[in-house]
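The structure appears right after this line, and notes come after that.
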Amino acid sequence: MSNPPLHVVILAAGKGSRMRSKLPKVLHQIAGKTLVEHVIDSALELKPAKIHIVVGHAKEQVIDSLAHHSQLNCLEFIVQEQQLGTGHAVSQALPAIPEQANVLMLTADVPLIRAATLQRMTDSMQAHTLTVLTAIVQNPFGLGRITRDSTQAVSGIVEEKDASSSQKKITEINSGIICARRHELGSWLQQVGNSNNQQEYYLTDVVGLAYEAGDPITTLQPEANHEVDGINSRSQLATVERAFQWQQAQQLMDAGVTIVDPSRVDIRGDVSIGEDTIIDVNVVIQGPTTIGSDCTIAPNCVISQSVIDDNVSIHSHSVIESTKIKSQTQVGPFARLRPGTVLEAGVKIGNFVETKNAQISNGAKVNHLSYVGDASVGAKTNIGAGVITCNYDGANKHRTEIGDNVFVGSDCQLIAPIKIADGATIGAGSTVTTNVSENALAISRSKQREINGWQRPVKEKKQ
Ligand code: UD1
Ligand code: CA
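Remember, the working numbering sits 3 above the position in the sequence shown when you count from 1.
Structure representation (structure tokens):
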């Protein structure tokens, strides 16, 4: 017999009142990715036939947030108009799920769940009608508790608000992640009522119903408890963010990256870093970003959507976005590389330098206080302190093209569009408005005057 198809249901209709937020809870982020997307991406690894996302509160916003998901064709949105409980939410999705399927139910507010754990759950469905992911926790407050009979078989789940004082002492909790056969799930859900403290239709009631019907139930535990940490408040959001960041730092360290303090680095999205690269404290790296080996990223740098080759030093307080950096290059401290910057091998960008849409060739230097935008700078060219490419005339942007081996003295303005040919020299303090030929000196500054015995103004005395 072929395996039953797998259908995933993700519950994402609730408001998340405890977040006290204008934003629906499932759109809050861990490592720059929404909670609901974390859950979708783990579920996709199981290659399900379909993922049914139950939306309700702020449904347009939730659906829009996923409009650009790469596997949108696998996602289906089911609207739960009124949020009458988790059982009611799953019932809305059931008509779209074939009778012979297995249904894996996930909640969008439990974002760190690993695909490997979910795979173990679906594997266990060969021998069971119902599989519940549980965990033993130190502080079970607020969570559903697993009840067991005298033979230790699972007999049900009781919510915190409905639990007796002895049930509240149970430390085995419901993660909210449950897998069931579609056929049986349908009949259990029809029997779920709402006569409980919250007057909601609880999904968790299906466990007691399965027990009474004598259906085989099993429980599984995740490898690490943080996989099932739920997010109901901002404080839990921060706890889960740190757990996730810690996990990513561990993976990078295992791959040979030195992380000076794993509690003071943030990796958001898809990031790869080569061996023997050192990441100092308070560095934020946003993917997609690739950093090669033997690089140093000094404290307080923010690097996003960039590709950095081997042996690059990024000095402290540099902000780098959508930039390509070749090997043996030095950047910063206090550099700002904006989108479209390309630094070829051996380039030096110093402090308080801003670049944008600029190609800087091998061995060129821009060491102090400059703006280089919409420009190309040739090999071994030196751009002096305080040089500005004046690329914007108030309406349009224009390019500055600087050749190889050019020397631009300090405090020059290059008024684009302009070309400065190879080997040219620009005298310090010049405003350059026309093209400069090869090996020429261009200089434009007023002649110095001297007035002998100059009397400085003196401060007027108040009456
Ligand atoms: C739920 C479980 C609890 C478990 C905990 C684990 C129930 C009744 N309780 O409690 O046993 O320990 O998760 O984190 O299932 N949702 C809807 N529609 C609704 C209600 C909720 O889509 O009508 C969604 C929410 O958006 C959320 C998820 O279901 O993503 C869970 O709802 P929530 O209210 O957070 O349940 P908990 O009280 O955490
Ligand atoms: Ca919850």
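A virtual CB, placed ideally from N, CA and C, is assigned to each residue, including glycine.
All values reported here derive from a predicted model rather than from experimental measurement.
Per DSSP, the unbroken beta strand (DSSP E) holding S307 starts and ends at V305 to S307. For L75, the three-state secondary structure derived from DSSP is helix.
The bridge partners DSSP lists for A119 come to none. In this structure, the alpha-carbon of S68 lies about 8 Å from that of L30.
Here the stretch 83-91 makes no contact with the stretch 133-149; the two share fewer than three CB pairs at distances below 8 Å. Non-local C-beta neighbours of K400 in its own chain, meaning closer than 6 Å and more than five positions away in sequence, comprise D377 and N394, ordered along the chain. The beta carbon of I181 is closer than 6 Å to those of M108 and V135 in its chain, skipping five residues each way along the sequence.
The closest CA to that of E203, considering only K164, V106, I328 and S309, is found on K164.
Selection H229, E463 and I446 evaluated against S178 yields H229 as nearest (Cα-Cα). One thing to note: V231 has its Cβ within 8 Å of the Cβ of I116. A direct Cα-to-Cα measurement between N385 and N314 gives close to 22 Å. The secondary-structure analysis by DSSP pairs S316 across a beta bridge with T299 and Q333. Fewer than three Cβ pairs drawn from the stretch 199-217 and the stretch 28-43 lie within less than 8 Å of each other, which leaves the two stretches out of contact. Not a single heavy atom of ligand 1 lies less than 7 Å from the C-beta of Y214. Nearest to T174 by alpha-carbon distance, out of T137, R402 and V284, is T137. Within the same chain, Cβ atoms closer than 6 Å to the Cβ of E357 are found at R339 and Y374, the five residues on either side in sequence being excluded. V305 is the residue among V305, D283, N285 and Y205 whose C-alpha sits nearest the C-alpha of T292. The secondary-structure analysis by DSSP pairs V375 across a beta bridge with T358. The alpha-carbon of V350 is positioned some 49 Å away from that of K62. Listed as beta-bridge partners of I181 by DSSP are M108 and V135.
Within the stretch 36-66, complete alpha helix (DSSP H) segments of at least 4 residues are found at 38-47, given in chain order.
Here the stretch 207-214 makes no contact with the stretch 13-24; the two share fewer than three CB pairs at distances below 8 Å. Across the set M124, V322, A183 and G381, the C-alpha of G381 shows the shortest separation from the C-alpha of A367. Per DSSP, reduced to three states, the secondary structure at D407 is coil, with no helix or strand assignment. Ranking D279, Q250, G259 and D257 by CA distance to the CA of V268 puts Q250 first.
Ranked by Cα distance from V322, the options V287, K329 and I282 are led by V287.
Contact annotation: N438 and I421 have beta-carbon atoms nearer than 8 Å. Annotation for R151: V157 and S158 place their beta carbon closer than 7 Å to its own, counting only its chain and skipping 5 residues before and after. When the beta-carbon positions are compared, H60 and P101 stay at least 8 Å from each other. Excluding its 5 nearest sequence neighbours in each direction, M22 has C-beta neighbours in its own chain below 7 Å: K28, H31, S236 and R237, listed in chain order.
The shortest CA-to-CA distance from L9 to any of T242, G389, A99 and N365 is the one to A99. Taking T332 as reference, the option from L121, I446, I352 and A301 with the minimal CA-CA separation is I352. For T154, the shortest C-beta to heavy atom distance toward ligand 2 is 7 Å or greater.
For E244, the enclosing alpha helix (DSSP H) has its first and last residue at R237 to D257.
One Cα belongs to G335, the other to V310, and the distance between them is close to 17 Å. Excluding its 5 nearest sequence neighbours in each direction, S325 has C-beta neighbours in its own chain below 6 Å: Q308 and P342, listed in chain order.
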